[in-house]
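As structure tokens, the structure follows; a few thoughts come after it.
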Amino acid sequence: MEDHYILNTDVSFYVKKLDNHIQRIIYSLYDRKAFQECSLMNMWVVDFLYHQEKKGQDVFQKDVEAEFYINRATASKMLSLMEEKRLILRKSSDKDARLKKIVLLERGYELQRLCRTIREEVERRITRNMSEEEVGHFKALCSRMMGNLN
Numbered sequence: 001m002e003d004h005y006i007l008n009t010d011v012s013f014y015v016k017k018l019d020n021h022i023q024r025i026i027y028s029l030y031d032r033k034a035f036q037e038c039s040l041m042n043m044w045v046v047d048f049l050y051h052q053e054k055k056g057q058d059v060f061q062k063d064v065e066a067e068f069y070i071n072r073a074t075a076s077k078m079l080s081l082m083e084e085k086r087l088i089l090r091k092s093s094d095k096d097a098r099l100k101k102i103v104l105l106e107r108g109y110e111l112q113r114l115c116r117t118i119r120e121e122v123e124r125r126i127t128r129n130m131s132e133e134e135v136g137h138f139k140a141l142c143s144r145m146m147g148n149l150n
């Protein structure tokens with residue numbers, strides 16, 4: 001009896017393959033040793049913090065949890081490690097001392113600049129040969145799929 005592999009055509013499989021490919025590209029562009037083994041998630045978080053800061057918005061742990069779909073324990077551990085790496089500082093909010101506002105430190109800004117460069121290169125590669133309309137449709141479909149999972 002001959003086994004035949006049935007090609008996995010699930011959307012989630014394609015998304016995972018795309019994610020793996022994107023990570024491979026990012027790691028090829030990123031010298032982790034220069035940033036004390038900062039993870040890709042650290043890069044995305046400092047980029048998020050930077051853009052929220054530019055909009056004049058304070059960021060708290062709950063905002064990071066919501067933005068990246070991670071649970072409280074994961075966010076807490078990651079932010080603690082980011083503090084150890086001197087990327088961020090958590091300090092009491094002016095409005096509510098019980099809340100810890102997350103602010104970027106100089107190394108966080110350095111990582112964000114690197115992240116921006118890498119993001120631009122990945123975006124250039126991933127959307128090559130795609131129209132603006134196709135890119136817009138893809139983003140809309142991804143948003144709808146994320147909404148389906150909530």
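Per the UniProt record's numbering, the very first residue in the sequence shown carries number 1; after that it's consecutive. Note that beta-carbon positions come from the ideal geometry of N, C-alpha and C, so glycine has one too.
- In the assembly as shown, Leu79 is a buried residue. Its beta-carbon has 16 or more other beta-carbons within 10 Å.
- Around the CB of Asp10, fewer than 16 other CB atoms lie within 10 Å, so the residue is classed as exposed.
- Contact between the segment 126-138 and the segment 93-100 is absent, with fewer than three C-beta pairs closer than 8 angstroms.
- In the structure shown, the three-state DSSP call for Val59 is coil.
- Residue pairing from DSSP places Ile88 in a beta bridge opposite Leu104.
- Counting C-beta pairs with one atom in each stretch, the segment 41-50 and the segment 103-116 have three or more that are closer than 8 angstroms, which means they touch.
- Secondary structure of Arg72 (DSSP, three-state): helix.
- By the criterion of a C-beta distance shorter than 8 angstroms, Ser76 is surrounded in its chain by Gln61, once the five residues flanking it on both sides are discounted.
- Straight-line spacing of the CA atoms in Met82 and Arg128 works out to 33 angstroms.
- Under the DSSP assignment, Leu40 falls in the alpha helix (DSSP H) whose first and last residues are 40-54.
- Cys142 places its beta carbon 8 angstroms or farther from that of Lys85.
- With respect to the 8 angstroms criterion, Leu89 and Leu105 are classified as neighbours on the basis of their beta carbons.
- DSSP places Met78 within a helical segment (H, G or I) once states are collapsed to three.
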